[in-house]
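Sequences listed follow chains A and B, in order. Using our numbering, you'd call the opening residue of the first sequence number 58 and step up by one each time. Using our numbering, you'd call the opening residue of the second sequence number 4 and step up by one each time.
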Amino acid sequence: MSGSFEIVLPAVILMTGAFVIYLVSRILAVNNRLEAVFTVFVMAAALISLISQFVSLPGLVSKPEDYFGISGPDGIVLTYSTVGMFIMIVSLIITILITIFSGEYLSRDPRYLVYYPLILLTQAGLYGIFISNNLFNLFLLMELTTVAASALIAFRFQQEIAIKAGYKYLIMSSLGTMVMLLGIYFLFRSNGSMQLTQVLASPDRLSKVAAACFLLGFSLKAGVFPLHTWVPDVYGNAPSAISGLLAGVFSKSMLFILPVVCLRLGMTRGELGTYLMAFACFNMLIGSIRMLGVDQLRRFLSYSAIAQTGYLMFGLGIGFYYDLDQAFSASLFMFLVIAIMKCLAFLASGVYQFYYGTQDMEKLRGAGRDMPWIALCFSIGLAGLAGIPLLAGFTGKWMIFSAALATGDLFSILCLVIFLISTVIGLGGYLPVLVKQYISSAEPTLNFPSLNGKVSMWLIIPITLLSFLVISIGVFPTPWIDLVNYVMRWMSL
Amino acid sequence: MENYELLISGITLIPLVGVLVLLIWRKATKNQAATIGIISEGFALVIPLLLLSVLKRNGEIVFSFPWISNMGISFRLSLNWLSLVFLLTEVLVTLTAMIYSLGEKTGEKNSNAYYALLLLFSLGMSGTTLADDAFLFYIFWELMLIASVLLILIWGHGETRFRVALKYFIVTHLGSLMVLVCLITLFVNFGTANMTEWMLQSSSLPINTQILLILFFIIGFSVKMAIFPLHIWLPDAHTVAPMPVTIILAAAMLSMGTYGIIRFPFAIFPLENLQHFALWMMIAGLISEVYGALMALAEKDIKRIIAFSSVSQMGYILFGLGSMTLRGMEGAIMHVVYHAIVKALLFMVVGIIVTVTSERDIQKIGGLGFKYPIVCVCAAIGILGISGMPPLGIFNSEWMIFAGGFDSGVSVALTVITLVGSLFTVIYGLRFFGSIFFGKRMPESMAERAPLALTIPTLAVTIFLIIEGLLPGPLLTWAMRGLTSFIGGLR
């Protein structure tokens, strides 16, 4: 065992935190809010250690030999991952807000004790996936996150639908990881090692098959067409906070680990770019078409998540196919804003569910008058996702748009047309939902008791912060673009 | 930075302050909210007038500071002769609508939000005319749309307002996206969003790209102009919107499409590449002119009659632009201004008729002439105005548009047909006026007097229309200077 412990420190903090918090909370019988506060502290500690690595990236990148673990063909090597750091910083900030939200959101769930440790485990697993250079290790961490995420999805196990969703996620995700395991087998047959610190010197047919297996596995986890069918069932029925985390951050981050593995296994950048761009079109179209007319908020947001996966794939695809740095910047920026907006939308819909016991927009007509602040924030989230100017989503779309046009190539322009069609169709989805909050129908469907605006601050604070981010990134994107350019400078995709 | 450059930002920032005050002052009565709205909008009228002397000296006043520097985007506003014409038209229309609004019921509840949105709507339009950066232009362009959609959604009439607002948003947004495609293509090719620089670099683009961009720009902006068959959003949106919003939509917002066509394809690309579209624009203008007029003739709802007349009038403007001659385009710009005044006047008259009779079906209204003589006179002048009767303004602009058509060298026959087609305007105008103000008095119960709060602004606009028609000098000069500064080589 040798190398820099700093690499694994965030994961260690998160994992240890998960067990300590569970034990302490169990023994001291702490209440939900206190446990949420503990969890926030643990994540803040992990965040600080990540940020300290992130700011010293120029120094770290100059020492590529730095690693943690055991070298050699069977060893476990963990190295710095610039993209991983960026994604984890975004993920942890979002998860801290989700945890604060859960401080109230879970107040009626007796099983809150396991909820927070599970969240910490998914975060630790996600970080581990990025720093792993050993594919078997990557597989194990992938399984860890899958199991923890399944438990979170089926968290309200007294509801049959939640169990079904958790079960579906477990089956589908395990299928994905099984395919990856198959890939590992092929790689081992071809290479005699599961280490993947750099691009294979002489990729043969077997390693290409291994790459295809990983491509399939990650695509399934990211919800890429035609492996997207589980997305609405799972995110549509999981607790809103978890759906926000998984749909906004977790499944999207798979799109950033996918190229790292596949390219090292011998897939060419052109092949990867073609795959991403071609399938992005399906995702964009299917996501936006299917969300039309869906009144169940979480299900609606899940369909829109499929479209957003398409936007990210499109950006990344351009980057690989045309070797365009601008497209990578656009994708990273898009990842950041989608994570924020998606999470905002899921959390706001969670507030409706929490107080009114429904997430059916038809029944929630006029709810905006009862909860004006939440409705405003939800509207900001939806408008941001729709790409309305001066909100974060518009800048993201503008950047992807610019990247696609900068190529001047027919293939990217054709995909851009699909992107535009998807945006227009998406408007037809987002706007009715947004507007229904404010407009009551002729028949009184307001079958919920009025709250007179009394919404818990635990719910309001995270939602307000996320809305503030959506607006501030939209109005002043400069520092955020600088941030993704900084990541771009040091990352190697 | 000179003081007058800072003043330009006031045209957008002061109404924005008004919006913020209104949003904070939630308990403002309608009168209080209107006062804030009118005062802050007033600045948008006064500032450009104050700057006239500087504009005469410099030709253009620019306010600029860096915004998204790593993407080459800045907050850049430019007041020039072209934007001045559109800006003044739009601000005057908004002020009229705000004052007119005091005499009717819209916005009695949530007055602060109502006036804040009217201000935002106007801010979107002022920003669109002033923006000299494509990113900024698009933001203001969309702000205009969002504010108007919200106004229709919240204060629109009837249960259909939801569907209508959605249709309005999606159709016009489609047009906006076509414009966005062009803006980003130019942004990517030139590496800057500065619209003035685009004018200098455009010839470096391949001709095919130029042709495609011109096509997209023209179609995209034609949606906003409601040119047939892209007008489908207009009749419903104009009918469902409350009257003050309809006035702004018809009299001011439609003209933004014209501004867009002049400011982008016409100003950026060389005239010889634009010439490919001359015939098609003129044909589209002619079809729109005749179709709008025929639909206005067939409609029974008095609000829809005037709404369809907008489709027809925008046809003239497109025809004028399509002529690609100095006279035709100058006529088109003047038509924008005159149409704004006449259309505001006609909708104001319709508003009074609907208020006093509570009826919108033209077959159920009649004989109002002697009961409301002042309204009758205003309507008569409005109808004569839209029919192109001298000395009212539209006569001047139509004269120039047709002259441009004859000069264009495209097809004399086309211009003759368009000229003859204008007869339909006279027919629907006379039908409108005759059925409402003459014949048997209908409906049986109606208000004794037309509300003064509505009649006075209507009368004021009527007088303004007459003055503008008699004194077209300044407008003509501004339009000429604006055109020649943006488009070179016009005959």
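No residue lacks a Cβ here, since even glycine has one placed at the ideal position from N, Cα and C. This one's a predicted model, so the numbers in the text were calculated from it and none came from an experiment.
Contact of B/V191 with chain A by beta-carbon distance below 7 angstroms involves S459, L462, A463. Not a single C-beta of chain B is nearer than 9 angstroms to the C-beta of A/W430. Between B/I309 and B/L349, the CB-CB gap stays under 9 angstroms. Interface with chain A (9 angstroms Cβ-Cβ cutoff): B/H176 is included.
The segment 34 to 47 of chain B makes no contact with the segment 76 to 88 of chain B, as fewer than three CB pairs between them are under 8 angstroms. Using a Cβ-Cβ cut-off of 9 angstroms, B/S414 does not count as an interface residue toward chain A, since no Cβ of chain A sits closer than that to its own. When secondary structure is reduced to three states using DSSP, B/V88 falls in the helix class. Against chain A, the CB of B/A168 has a partner CB under 9 angstroms away; the residue lies at that interface. The DSSP-derived three-state label of B/M317 is helix. Look at B/V65 here: in three-state DSSP terms it is strand.
The distance from the Cβ of A/G280 to that of A/I176 is about 20 angstroms, inconsistent with a contact at the 8 angstroms cut-off. Straight across, the Cα-Cα distance linking B/G194 with B/I142 is about 19 angstroms. In the DSSP assignment, B/R79 falls within the unbroken beta strand (DSSP E) covering 76 to 83.
Spanning the alpha carbons of B/A347 and B/H176 requires a straight line of approximately 25 angstroms. Inclusion of B/I365 and B/F435 in the CB contact set at 9 angstroms is warranted, their separation being smaller than that value. Of all residues in the segment 133 to 145 of chain B, the ones placed with a Cβ closer than 9 angstroms to any Cβ belonging to chain A are F138, Y141, I142, F143, W144, E145, in chain order. A Cβ-Cβ distance of about 6 angstroms is found for the pair A/L244 and A/L192, placing them in contact under the 8 angstroms criterion.
By the Cβ-count criterion, B/T480 is exposed, with fewer than 16 other Cβ atoms from all chains shown falling within 10 Å of its own Cβ. Residues of the segment 282 to 305 of chain A that bring their beta carbon within less than 7 angstroms of a beta carbon in chain B are absent altogether.
A residue is called buried when at least 16 other Cβ atoms come within 10 angstroms of its Cβ; B/H338 meets this threshold and is buried. With a threshold of 9 angstroms between beta carbons, A/G453 makes no contact with chain B. For the set A/Y172, A/L522, A/L232, the Cα lying nearest the Cα of A/L272 is the one of A/L232.
The beta-carbon of A/T480 is placed less than 9 angstroms from the nearest beta-carbon of chain B.
Residue burial is scored here from C-beta neighbours: B/V415 has fewer than 16 other C-beta atoms within 10 angstroms and is therefore classed as exposed.
Within chain B, the residues L156, F165 have their CB atoms less than 7 angstroms from the CB of A/V492, given in chain order. In the three-state reduction of the DSSP assignment, B/M445 falls in the strand class, which pools E and B. Proximity to A/Q215 across A/P167, A/I105, A/A86, A/F339 peaks at A/P167, based on C-alpha coordinates.
Under the three-state reduction of DSSP, B/F224 is assigned to helix. Using beta-carbon distances, A/T521 does not count as an interface residue toward chain B, since no partner is under 9 angstroms. Counted as a single uninterrupted DSSP element, the alpha helix (DSSP H) harbouring A/F243 occupies residues 217 to 248.
A Cβ of chain A is located within less than 9 angstroms of the beta carbon of B/I71. Cα atoms of A/A384 and B/V243: separation of roughly 43 angstroms, rounded to the nearest angstrom. Minimum Cα-Cα distance from B/W283 among the listed residues B/D304, B/L321, B/S312 corresponds to B/L321. About 11 angstroms separates the beta carbons of A/F377 and A/L312, which is beyond the 8 angstroms limit, so they are not a contact pair.
The segment 297 to 371 of chain B is shown to contain no whole beta strand (DSSP E) run of 3 or more residues. Those residues of the segment 52 to 79 of chain B placed with their C-beta closer than 8 angstroms to a C-beta in chain A are W70, I71, S72, N73, M74, ordered along the chain.
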